[in-house]
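Residue numbers (the working numbering), protein chains in the order written: chain G, 9 to 272; chain D, 31 to 208.
Note that CB positions come from ideal geometry on N, CA and C, so glycine has one too.
Only one structure is covered here, and it is reproduced in the block below.
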Ligand SMILES: Nc1ncnc2c1ncn2[C@@H]1O[C@H](COP(=O)(O)OP(=O)(O)OP(=O)(O)O)[C@@H](O)[C@H]1O
Ligand SMILES: [Mg+2]
């Protein structure tokens, strides 16, 4: 079985792959992010947790350029440093976008393309890879997640868990420095959650750098190197999973974790 | 154009589509052939008919394609973005192929209507098929026969078009669950 490796991620002088300072974002009157600070080292897995509406998705979307922040500095080692407080050049924005790839809650596969076509689309169209090389890479990635025999099927023929694994492979095929997951398992039937989390865990073991929004606290504890708890557009607490999830310092974190562990 | 971020372009497109869809084709035909000469623009019957039909179909088709593009979920644009595509490339590679599927039936209907509406051109003296049938009928007094024959020819044209439509629909439907 072949092996996919993350692009050897450059670490900045501070040892971080990604540094976010003072990230802010409002939708009209609604201030969704109020000065978020985050950093992530190469190979680190960060779990982003927090109540609904706390701004977790918006953080990921800002990093991937799906939203434009109102302020703050996002810096990727070996990539651009973008200051959203000033005038932002389109080139920096697209460079920043290319550092990461998003895995969506609802997969968002291209329904008119086969599994293989979904995966090679980015490498061929954007990275200008030779078709034969793109196919070879895609096939080995698909084999890695147990979908070698599905490559010529269309997304509608797959289960949710299989579709999400294709979504992950589509992101991996671009060899981004940073993988972003927005609740990758929350649209899945419970019995399909494991196969997707299993793939993400393997990626963690292979030193991919990942930021994962999740409500699966057990998974976060096992896989994440750091847990960030957000509420109301601020980072309330962050640190080692055992601390944040077991002995949180902040009362808001305690209440949130308790609610997830004991829903009723 | 109505999807354009340029206010002027999208406004102009909206007015155009609204006029084309809000007025009868016959009136559009008459404005071009009988109306324009009064402002000094004389166009022969054939070009008049071609201009009127083109403008008309363009208006309807534009609206159909716009609606089809808007029917593709926003997540598809975002997926294109996240794999590094520009908006134009996403439109071409991801959005339009999906929009094509939903726009084939209404576009086919528009073209079928067009075939039938060509008979209206007889009213501005274009000797198209229906007018020829009228002239021969008047000459030979065989009204029923000739009009039925004309009907048959329209029907054959439309039949060919709708067969084409079914074929296209089947091809484009291969990636959706039934
Ligand atoms: N495109 C948008 N336009 C307007 N408001 C938005 C938009 N996207 C998000 N919001 C608002 O921003 C706030 C934070 O949303 P966000 O999706 O980031 O939260 P979340 O932490 O991911 O929540 P959830 O757990 O429900 O996914 C919410 O109040 C939401 O209504
Ligand atoms: Mg969310």
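So with CB distances below 8 Å, who are the chain G contacts of residue i?
i              : result
residue 127(D) : 120
residue 108(D) : 74, 110, 112, 116
residue 99(D)  : Here the premise fails: no neighbours, minimum Cβ distance about 14 Å.
How about residue i: is its Cβ closer than 7 Å to a heavy atom in ligand 1?
i              : result
residue 32(G)  : no
residue 76(G)  : no
residue 60(D)  : no
residue 236(G) : no
residue 60(G)  : yes
residue 40(G)  : yes
residue 35(G)  : yes
According to DSSP, is residue i helix, strand or coil?
i              : result
residue 97(D)  : helix
residue 53(D)  : coil
residue 251(G) : helix
residue 110(D) : helix
residue 140(D) : helix
residue 36(D)  : coil
residue 85(D)  : helix
residue 60(G)  : coil
residue 148(D) : helix
residue 122(G) : coil
residue 67(G)  : helix
residue 181(G) : coil
residue 55(G)  : strand
residue 73(D)  : coil
residue 179(D) : helix
residue 26(G)  : strand
Under 7 Å from any heavy atom of ligand 2, does the C-beta of residue i make it?
i              : result
residue 191(G) : yes
residue 284(G) : No answer is possible for residue 284(G): it lies beyond the span of chain G, which begins at 9 and ends at 272.
residue 65(G)  : yes
residue 221(G) : yes
Note down, in chain order, every chain D residue with its Cβ under 9 Å from the Cβ of residue i.
i              : result
residue 103(G) : The premise fails here: residue 103(G) is roughly 10 Å from chain D at the closest Cβ pair, so nothing lies under 9 Å.
residue 109(G) : 112, 113, 114
Taking 8 Å as the CB-CB cut-off, is residue i touching chain D?
i              : result
residue 228(G) : no
residue 86(G)  : no
residue 182(G) : yes
residue 177(G) : no
residue 253(G) : no
residue 164(G) : yes
Report the rounded CA-to-CA distance for residue i versus residue j, giving the unit in angstroms.
i              : j              : result
residue 21(G)  : residue 42(G)  : 26 Å
residue 75(D)  : residue 174(D) : 27 Å
residue 130(G) : residue 169(G) : 22 Å
residue 121(D) : residue 244(G) : 40 Å
residue 9(G)   : residue 44(G)  : Caution is warranted here: a pLDDT of 39 is assigned to residue 9(G), below 50, making its placement in the model unreliable, and the coordinate value is therefore given only provisionally. Whole-angstrom Cα-Cα distance: 41 Å.
residue 98(G)  : residue 114(G) : 28 Å
residue 110(D) : residue 117(D) : 8 Å
residue 262(G) : residue 255(G) : 8 Å
residue 31(G)  : residue 90(G)  : 11 Å
residue 136(G) : residue 113(D) : 12 Å
residue 26(G)  : residue 48(G)  : 5 Å
residue 54(G)  : residue 96(D)  : 41 Å
residue 179(G) : residue 269(G) : 31 Å
residue 81(D)  : residue 199(D) : 29 Å
residue 123(G) : residue 61(D)  : 53 Å
residue 242(G) : residue 35(G)  : 16 Å
residue 82(G)  : residue 29(G)  : 7 Å
residue 138(D) : residue 191(G) : 41 Å
residue 188(G) : residue 218(G) : 6 Å
residue 73(G)  : residue 101(G) : 7 Å
Does any residue of chain G bring its CB to less than 8 Å from the CB of residue i?
i              : result
residue 206(D) : yes
residue 41(D)  : no
residue 201(D) : no
residue 105(D) : yes
Since residue i meets chain G, which of its residues come closer than 9 Å, beta carbon to beta carbon?
i              : result
residue 119(D) : 133, 134
residue 124(D) : 118, 120, 121, 129
residue 52(D)  : Within chain G, no residue comes near residue 52(D); the closest Cβ sits about 34 Å away, beyond 9 Å.
Confirm the yes/no value for this check: CB of residue i, any heavy atom of ligand 4, distance under 7 Å.
i              : result
residue 150(D) : This structure simply doesn't include ligand 4; it includes ligand 1 and ligand 2 instead.
At 7 Å on the CB atoms, spell out the chain D contacts of residue i, in chain order.
i              : result
residue 141(G) : Simply none; closest approach about 17 Å.
residue 106(G) : 114
List the residues of chain D that residue i touches, going by C-beta distances under 8 Å, in chain order.
i              : result
residue 272(G) : Residues of chain D passing the Cβ test: none, with the nearest at roughly 32 Å.
Is any beta-carbon of chain A found at less than 8 Å from that of residue i?
i              : result
residue 102(G) : The structure shown contains no chain A; its protein chains are G and D.
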